[in-house]
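Numbering-wise, the sequence shown is residues 31 to 309 according to this note's numbering. Glycine included, C-beta positions come from ideal geometry on N, C-alpha and C. All figures in this text were calculated on a predicted structure; none of them were measured in a lab. Comments concern the structure below.
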Amino acid sequence: MPVLTAPDGTPLAYHLVGKGEPLLCLPGGPMRASAYFGDLGAMAAHRQLIQLDLRGTGESGIPTDPATYRCDRQVDDVEALRAHLGLEHVDVLAHSAAGDLALLYAARFPARIRSLTLVTGRARALGIDFTEAHRREAAALRSAEPWFPDAYRSYEAVWAGTATDADWDAIAPFFYGRWDAAAKEHAASEVAQTNEEAAERYASAGAFDPATARAALASLDAPVLLLAGERDSGPLPRVAAEIATLLPGATLTVQPGAGHFPWLDDPEDFTRTIADFLP
C-alpha cells in the first residue's frame, strides 16, 4: 500500500486498482474509507483508479490537529497526492460529499484539472445542497417497494432528530437503486469505514465560501461531468442540473434507476458513461 506525507506531516494512504491512465478518486461519506469504491463497477478495466483514503480514514494516519478534517483544509492533501504521483494534470472523480472537496480543489488549482467527474456529488462549496424536501421527493419514488413503510418511518425519525442507530440502518435502501444482496453488503460496511469525528468536522463553519468558489470556477477550462442517479435525493437530478449551470462546459447525465451509488446499480451503464467522458 503506497503512502505519501501531507504538508502537515499526516501519512496519507492510497490504493491502486486496475491499469491504464490514472483516475484520482476521492471518496465521500463524508470521511468514509475509499474501500467502498471497490472497482467502481469495473471502471478499473479502463483506468488505474487511485483511491485516496482521506486523513483519518482507512489506512491513512490520524492528523495531530483534528481541525484539518475540515473540507477546505484537505485540498492541500489532494494537491500533495498529485505532486507525489508526478502528474502535471489529473482526471478527478469525486463521489457524494467529496464533490465539495473536488470543487474546492478545482477552484484553487484549476490548471491541474484535466477533467472533473462528480458522481452524485454534493456542492455545498457552491452554495447548493439537498434538503429534507428533496429527500421526501426521492423517497416517494420508492413507495411501492416492500421495505418502504418501515424505512419511511425511520426516515421520519431522522428528520425529527430522534433517530436511533436502528433507524439510520433502516433508511439505507433509499440510497440504492436496488435493495439487493450487493446493496445490503455495501451498506453494512459504512459504519466501520467512517470516521465519525472527522465527518462532523468536514463541513464545519468556514469550510465553504460559495461566492469565491463560484467566481473561481466560472472560468474553469476543463470538461466536467455530473452523473446523477434517477432515484437519488442528494442531489436530485434537477438539483444536479442547477449545479451544472455553474460550471462552464459541464455535462449532466442521469443514470436510469440509479441511487446514490450508481456503479452498484448498473455497472455497465456507469462504466460506459464515465469511460466515454474521460479524455
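One thing to note: L266 has its Cβ within 7 angstroms of the Cβ of H164. In the structure shown, G129 falls within a helical segment according to DSSP collapsed to helix, strand and coil.
Our two residues, P297 and G151, have alpha carbons roughly 18 angstroms apart in a direct line. Under the Cβ criterion (8 angstroms, minimum of three pairs), the region 52–68 counts as touching the region 225–236. Boundaries for A237: no beta strand (DSSP E) harbours it, and the DSSP string shows neither H nor E there. Given a length threshold of 4 residues, each whole run of the alpha helix (DSSP H) inside the region 146–234 is given here in chain order: 162–169, 178–190, 195–200, 211–218, 220–223 and 226–232. For P41, the enclosing beta strand (DSSP E) begins and ends at P41 to V47.
Put simply, the backbone Cα of A280 is about 5 angstroms away from that of A274.
Look at the beta carbons and you see the region 85–99 not touching the region 131–147: under three pairs across the two are nearer than 8 angstroms. Shown here, P286 sits in coil according to DSSP, grouped into three states, outside any helix or strand. Scanning the region 46–95 from its first residue to its last, no whole alpha helix (DSSP H) run of 4-plus residues comes out.
Taking C-beta separations shorter than 6 angstroms and ignoring five residues to either side along the sequence, the partners of G264 in its chain run F160, following chain order. Taking C-beta atoms under 8 angstroms as the contact rule, F67 and Q81 qualify, at a distance of about 5 angstroms. With respect to the 7 angstroms criterion, L256 and L148 are classified as neighbours on the basis of their beta carbons. Cα atoms of Q285 and G207: separation of roughly 10 angstroms, rounded to the nearest angstrom. Taking C-beta separations shorter than 6 angstroms and ignoring five residues to either side along the sequence, the partners of A124 in its chain run L56, A132, L148 and G151, following chain order.
R261 and R103 have their C-alpha atoms roughly 32 angstroms apart. Inclusion of L42 and S90 in the CB contact set at 7 angstroms is warranted, their separation being smaller than that value. For L294, the uninterrupted alpha helix (DSSP H) run begins and ends at P292 to D295, by DSSP. The beta carbons of A288 and D295 sit closer together than 7 angstroms. Rounded to the nearest angstrom, the gap between the Cα atoms of L250 and P52 is 21 angstroms.
The three-state reading of DSSP puts T275 in coil, since its state is none of H, G, I, E or B. Excluding the 5 residues flanking it on each side, R85 has same chain C-beta neighbours closer than 8 angstroms at A36, T40, L42, G91, I92, P93, T98, Y99, Q104, D107 and A228, in chain order. Look at D262 here: in three-state DSSP terms it is coil, with no helix or strand label.
When the Cα atoms are used, F307 and A72 turn out to be separated by approximately 15 angstroms. Taking the CA atoms as reference points, T301 sits about 39 angstroms from T192. When DSSP states are grouped into helix, strand and coil, D38 belongs to the coil group.
Excluding the 5 residues flanking it on each side, Y135 has same chain C-beta neighbours closer than 6 angstroms at V105 and V108, in chain order. Between the alpha carbons of V47 and K214 lies a gap of roughly 23 angstroms. Looking at the DSSP output, L255 shares a beta bridge with T147 and T281.
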